[in-house]
Each structure stands twice: as structure tokens, then as C-alpha cells.
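Engineer: Residue 3 is where the sequence shown starts when you use this note's numbering, and the numbers rise one by one after that. No residue lacks a Cβ here, since even glycine has one placed at the ideal position from N, Cα and C. These figures come from a predicted structure and were not determined experimentally.
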Amino acid sequence: MCWVLRRAECRGDYSAILWEGKQHMPDKQHTLGQYETPTDVADLLLGFCLRRPSDRLLDPSCGEGAFLARAAKWLGWLGDGPNAPPDALWGVELDPETAVRAQTTLPQAHILTRNFFTLQPGGPADGLPGSFDVLIGNPPYTRAEWIGHLREEDGRQLDLFDGLPPSAPEAAEKRLLMPGQLWDSLGGRSGLHAYFFLHGAQFLREGGRFGFVVPNGWLDVAYGEKLKQFLLDHFKILAIIESGVEHWFDDAKINTCLVVLEKCSGPNRRAANMVRLVRLKRPLRALIPYAANDYRRLTALEQLIPRLLPNESRITPDTAVRVVAQADLRPAAK
Ligand SMILES: C[S@@+](CC[C@H](N)C(=O)[O-])C[C@H]1O[C@@H](n2cnc3c(N)ncnc32)[C@H](O)[C@@H]1O
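1. Let me check you understand the geometry: is the CB of glycine 139 closer than 6 Å to at least one non-hydrogen atom of ligand 1?
2. For a test of the three-state rule: what should DSSP assign to alanine 334, helix, strand or coil?
3. Do alanine 334 and valine 280 have their CB atoms nearer than 7 Å?
4. For ligand 1, I want to know if proline 142 counts as a neighbour, meaning its beta carbon is within less than 6 Å of at least one of the ligand's heavy atoms.
5. Could you say which of His112, Asn295, Ser56 lies nearest to glycine 210 if we only look at CA atoms?
6. Could you tell me how far apart the beta carbons of threonine 115 and glutamate 66 are, in whole angstroms, since I believe they sit closer than 8 Å?
7. Quick check on DSSP: helix, strand or coil for proline 312?
8. Any chance the stretch 272-287 sits against the stretch 237-251, with 3 or more Cβ pairs inside 8 Å?
9. To the nearest whole angstrom, what separates the beta carbons of leucine 121 and aspartate 128, a pair I think is in contact under 8 Å?
10. How long is the line joining the alpha carbons of aspartate 82 and leucine 47, rounded to whole angstroms?
11. Could you give the DSSP three-state label for threonine 321: helix, strand or coil?
12. Let me make sure I understand the geometry here. Which of Gln231, Ile256, Glu208, Lys230 has the alpha-carbon closest to that of valine 216?
13. Looking only at its own chain, which residues have a Cβ that is under 8 Å from the Cβ of proline 291, when we skip the five neighbours before and after it?
14. Among the candidates Ala104, Ala90, Gly139, whose CA atom is the shortest distance from the CA of leucine 130?
15. Are there any heavy atoms of ligand 1 lying less than 6 Å away from the beta-carbon of valine 94, as far as the coordinates show?
Here it is, written out as C-alpha cells:
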């Protein structure tokens with residue numbers, strides 16, 4: 003499957019983009035990769051990543067705030083009262099209209115209307131804290147083929163432009179979306195989510211947890227190798243979770259997985275870590291059987307998560323879990 007740009011029409015007109023020449027795409031949803039995360043998916047990731055009522059959390063592509071809204075609820079459940087502590091919730095969103103909606107729904111959160119790749123941890127101009135306990139989210143599902151065609155216009159919006167040979171001086175423009183160093187380190191073939199892993203890692207404290215919902219293609223292809231190497235070099239990979247029974251994002255027509263990581267600078271500690279490759283055999287709504295506002299979800303997840311992290315590979319009616327030593331994982335392996 004490939005995305006095709008019809009060059010004559012594509013300047014500034016997202017509707018001119020064709021999908022395999024057959025299907026007109028809606029505009030912002032695809033160019034910005036805007037897909038809202040279902041509550042059950044957000045809660046499963048939060049169950050792994052948000053562990054203390056004092057945790058400070060960043061969603062680097064927060065959309066309308068699906069994760070932040072759930073995190074606010076979780077912080078209330080974990081702590082003493084219904085409200086998250088001030089300065090606990092941070093979100094970044096490129097699209098100004100979406101960012102306004104997030105800020106309106108979540109007045110207690112800090113929403114920065116920015117391109118995440120232009121931010122630095124602790125950057126005084128942005129007011130971002132130096133490090134976070136949790137980095138969580140659903141980065142945009144923008145395909146590799148697109149990234150070279152995306153640029154920031156007036157610092158507000160993404161636009162599309164005709165492809166240029168890499169040697170052309172204007173090719174530097176391609177990199178406005180992200181620093182050249184990031185682009186180079188992944189070789190330009192990975193989807194945008196891969197760059198969110200690399201840039202996001204800087205914002206997490208040692209021992210902090212990283213949870214992302216991402217398309218699962220990179221696990222099986224050659225261009226995923228550099229991302230896998232990066233993750234092996236900086237994190238304990240706690241779990242990679244897929245569903246064998248449901249698509250979490252009907253709209254996206256992309257199979258997704260959850261990646262749960264813990265930042266770890268010690269090579270021996272990383273090598274000793276056991277990675278859990280989890281396939282869920284029941285829908286999430288059956289595994290977390292309480293309504294979104296019911297605090298018993300917290301208990302349900304506190305019971306579910308240890309079952310997803312067994313010491314040995316095992317198959318139950320709910321899950322199939324393969325346990326592999328991180329030291330035995332090779333980036334080139336599928
Ligand atoms: C897949 S949506 C996820 C939204 C939300 N986190 C959720 O889980 O429901 C990705 C969001 O990232 C935003 N986005 C795309 N590129 C971005 C960038 N470079 N920096 C910050 N946000 C970006 C899109 O506008 C979109 O709202």
C-alpha cells in the first residue's frame with residue numbers, strides 16, 4: 003500500500019492526495035495522523051506507566067486530550083481527591099484548533115500548541131519541566147513516504163510540497179518537521195511515530211515509563227531495525243502488546259501494538275530484563291469490565307497487568323505471553 007501525491011494538485015490542498023490512486027483522503031485526519039485513542043487502550047497503557055499520584059506526565063501529540071483526560075482520572079483514583087495535582091499533566095499538539103479543544107476540556111492541563119520536535123526538555127521559553135515520570139500517547143500515524151512532503155507553514159500548520167532531490171538546497175526544508183539529526187538517525191524510512199520515540203526519550207527521567215500506541219509494521223521490517231536498536235540501547239522493554247481479537251482503531255485500518263518501556267541507562271540491567279510479547283485473546287472491554295468513570299477499573303488493571311508480565315511464557319484463555327530475555331533480542335530479527 004502506498005500513498006501517492008498528485009503533484010500538480012497537492013500544494014495546500016490535502017484533498018488532492020490519493021490513496022493508491024483510488025480513494026480521496028479526508029484532509030487533516032491523515033496529514034496530521036489524527037486518531038483518538040479509545041478509553042480502554044489508554045487505560046491499559048496508563049496502568050503500566052502511571053504508578054504514583056505525584057507522577058508528572060507528558061503526551062507529546064495529545065490531540066483533544068484522550069490520554070490526559072484519562073490520566074487526570076487516574077491521578078484522582080491513585081491520590082486523595084478527584085483532582086490531579088497542579089503541573090501534573092502536559093500535552094503538546096501541533097494543530098491549533100485541536101489544542102484549543104484539549105485545553106477547554108482540560109483546564110488543569112498545560113497544553114502547548116507546538117510541533118513537538120521544536121521543543122527541548124526544560125526549555126525556558128516553553129516552560130516545559132526538565133523531565134517527566136511518564137511519557138505516553140498515540141503519535142501520529144503519518145507514513146514514511148509522507149514525511150518528506152510535510153513542512154511547517156507559519157509555525158502553525160502542516161503543508162505539502164513537491165518532493166525534492168535530497169541534494170537540492172531546499173531539501174533542508176523537509177527537515178523543518180524534525181531536526182536533521184533525528185531524520186538521519188532513522189534513515190528517513192520510518193513512520194513519524196519512530197521519531198516521536200527518539201525525541202520523546204529525552205523528556206523522560208531515568209526509571210520513568212514510556213507507553214505508546216503505534217502501528218506494528220516496524221516490528222517486522224528492515225527499516226524498523228534502527229528504532230529497535232535505539233529502544234534496546236536506552237530502555238528496558240517491558241511489554242509489547244497486540245490484540246488477536248480486535249482492531250483498536252477501526253478508522254486507521256492499521257494494526258497497532260502497545261509498547262511499554264522503562265528508561266534505563268545500565269547495560270547490564272537492560273540485558274537482564276525479560277521482555278513480554280503479549281497477544282490478547284479477549285477484547286479489552288472484557289478484560290476491564292467496568293464503565294469509564296468507575297474507580298474499580300484501577301483494581302481491574304492492577305490485577306490484569308501482573309498477568310501480562312509472567313516470569314515464564316504461558317497461554318491462558320485471556321492471553322498468550324512469550325517471555326524473552328532482552329539480551330537475546332536482535333534488532334534485525336522479526
Ligand atoms: C493519533 S493522534 C492522537 C491524539 C491523542 N493523543 C489521542 O490519543 O487520542 C496524533 C495527534 O498528533 C498531532 N501531531 C501531529 N504531528 C505533530 C507534531 N509534530 N507535534 C505535536 N503534535 C503533532 C496531530 O494533530 C494529532 O492530533
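Structural biologist: Concretely, from the data shown:
1. yes
2. coil
3. no
4. yes
5. Ser56
6. Actually they do not touch by this definition, with Cβ atoms about 13 Å apart.
7. coil
8. yes
9. 5 Å
10. 22 Å
11. strand
12. Ile256
13. Ala302
14. Ala90
15. yes
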